[in-house]
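2 protein chains.
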Amino acid sequence: MVSARERLAQQIRFIIEVDRLKEIFRQTVLINSRRAENDAEHSWHLCLIVITLAEHANSPQLDVLRVLKMLILHDLVEIDAGDTFAYDTKAMADQHEREAVAADRIFGLLPPDQALEFRALWDEFEARQTAEAKFAAAVDRFQPMLLNCQTEGAAWQKHGITRDRVLARNAHVAEGSTALWDYAARMIEQTVAAGHLQT
Amino acid sequence: MVSARERLAQQIRFIIEVDRLKEIFRQTVLINSRRAENDAEHSWHLCLIVITLAEHANSPQLDVLRVLKMLILHDLVEIDAGDTFAYDTKAMADQHEREAVAADRIFGLLPPDQALEFRALWDEFEARQTAEAKFAAAVDRFQPMLLNCQTEGAAWQKHGITRDRVLARNAHVAEGSTALWDYAARMIEQTVAAGHLQT
Chain A
35 MVSARERLAQ QIRFIIEVDR LKEIFRQTVL INSRRAENDA EHSWHLCLIV
85 ITLAEHANSP QLDVLRVLKM LILHDLVEID AGDTFAYDTK AMADQHEREA
135 VAADRIFGLL PPDQALEFRA LWDEFEARQT AEAKFAAAVD RFQPMLLNCQ
185 TEGAAWQKHG ITRDRVLARN AHVAEGSTAL WDYAARMIEQ TVAAGHLQT
Chain B
35 MVSARERLAQ QIRFIIEVDR LKEIFRQTVL INSRRAENDA EHSWHLCLIV
85 ITLAEHANSP QLDVLRVLKM LILHDLVEID AGDTFAYDTK AMADQHEREA
135 VAADRIFGLL PPDQALEFRA LWDEFEARQT AEAKFAAAVD RFQPMLLNCQ
185 TEGAAWQKHG ITRDRVLARN AHVAEGSTAL WDYAARMIEQ TVAAGHLQT
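As given, the protein sequences belong to chains A and B, one line each in that order. Here the first sequence is numbered in the working numbering, starting from 35 and rising by one per residue. Here the second sequence is numbered in the working numbering, starting from 35 and rising by one per residue.
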């Protein structure tokens, strides 16, 4: 039997390890400074979007706490597996496999009951079957689109991403929130019209 | 009557504005790169700590969702008011006044009902009277101590902060979690013993 004090010490070792999420940089850039965003900032922004926009979820009975837990944890696997750009089809081929190995190690730092709980939340997020996972995934796709549209399509321009690819890659936003997808579709057309996203 | 579409557009203007939280830098440095942490990363780390350590709160009936909402929002006022170092007694004199003006502007970007809800959460956090606010404040004080102890007392050394000041400034962690305060007190003594915090 592990003492409460040992249990807390183990949990804090996990909290120390995941400080690394702040060093995992993404393709998206910040609206003002235009430097690359990191996963910790991205995860916070998603949480803020959830508490602001939960009313627009397709499911009226959303468990907001579970959505937040998923989003707080969803990118921890990238500490080991790195960020995979949403349009990098080559890296996406083995993305889930690489991330599952990372999940074993990172959640495995926790006491066994909590490792199971957090892993189950990550699996739920990845499977995108529940109302909570669908809304979490919608917000996770909406936020980088919003930042791209606010920065003259920075990441899209850099990688030559076209409107069709943006629409195809992000259409599942509608599974979590049709209102958010309608907004995104209009925003994308405005970005095309402004010349910041190729057709 | 504002349409649902206009309401969503107003909420998204708020979401765009708060991207600036990622540009507000703190005195604490990250464990690995040792660069200054920003408020968005800090806020994410606090959320992760809450879902990991909620079982150690003094209150067994903690509303974890409300704790998370408070912490997601708690530093938004610093977009206008700037970060106030926890040991800067001069800046702390008018800190709440400056931050309350910022809260008026920033939460005021939202639809009125939501502006009121978020402002009430920030006021609750600041007042530190409820079990949720006490635990949120405990985590908000514990995390920078943890990062300081993991970085050879970087921010404390830079500003000549002594053990007595650290203990006095952070003692209210015990109001949210005695277990976390016991851990912190041991951690501080180890940091003193290692020569990274002056007595």
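All residues carry an ideal CB built from backbone N, CA and C; glycine is no exception. A quick note: this is a predicted structure, and the numbers were derived from the prediction, not measured.
Interface flag for residue 190 of chain A against chain B is unset, since no Cβ pair is found closer than 8 Å. No Cβ-Cβ contact shorter than 8 Å links residue 73 of chain A with residue 40 of chain A. Contacts between residue 140 of chain B and chain A, judged by CB atoms closer than 8 Å, are missing: the closest CB pair is about 12 Å apart. Counting only runs of 4+ residues, the alpha helix (DSSP H) found wholly inside the region 128-189 of chain A occupies 129-141, 146-161 and 165-184, in chain order. Within chain B, 86 have C-beta atoms less than 8 Å from the C-beta of residue 48 of chain A, given in sequence order. The straight-line gap separating the alpha-carbon atoms of residue 132 of chain A and residue 138 of chain A is approximately 10 Å.
With the criterion set as a beta carbon lying under 8 Å from some beta carbon of chain B, the members of the region 62-89 of chain A are 64, 65, 66, 67, 71, 72, 74, 75, 77, 78, 79, 81, 82, 83, 85, 86 and 87, in sequence order.
Residue 121 of chain A does not reach chain B, its nearest Cβ partner there being about 22 Å away, counting only Cβ pairs nearer than 8 Å. Within a 10 Å sphere around the beta-carbon of residue 117 of chain B sit 16 or more other beta-carbons, which makes this residue buried. Chain-order list of chain B residues neighbouring residue 103 of chain A: 85, by C-beta distance under 8 Å. Non-local C-beta neighbours of residue 101 of chain B in its own chain, meaning closer than 6 Å and more than five positions away in sequence, comprise 84, 166, 169 and 170, ordered along the chain. Its Cα nearest to that of residue 195 of chain A, the residue A/119 stands out among A/119, A/173 and A/67.
Going by beta carbons, residue 152 of chain B and residue 141 of chain B fall inside the 8 Å limit. Counting only unbroken stretches of 3 or more residues, the beta strand (DSSP E) elements lying wholly within the region 50-107 of chain A are 59-63 and 70-72, in sequence order. Closest in alpha carbon position to residue 54 of chain B, among A/202, A/193 and A/66, is A/66. Chain-ordered listing is empty here: chain B has no CB closer than 9 Å to the CB of residue 209 of chain A, the nearest sitting near 17 Å. The beta-carbon of residue 56 of chain A is placed less than 8 Å from the nearest beta-carbon of chain B.
Note on residue 150 of chain B: under 16 other CB atoms within 10 angstroms of its CB, so exposed under the neighbour-count rule.
Residue 99 of chain B belongs to the set of residues whose beta carbon lies under 8 Å from a beta carbon in chain A. Contact check for residue 191 of chain B and residue 230 of chain B: beta-carbon distance about 7 Å, within the 8 Å limit, so the pair qualifies.
Look at residue 52 of chain B: its C-beta is under 8 Å from a C-beta on chain A.
The beta carbon of residue 184 of chain A sits closer than 8 Å to some beta carbon of chain B. Using a CB distance cut-off of 8 Å, residue 106 of chain B counts as an interface residue toward chain A. It is roughly 30 Å from the alpha-carbon of residue 155 of chain A to the alpha-carbon of residue 51 of chain B. If you compare the alpha carbons of A/173, A/75 and A/185 with that of residue 90 of chain A, the shortest gap goes to A/173.
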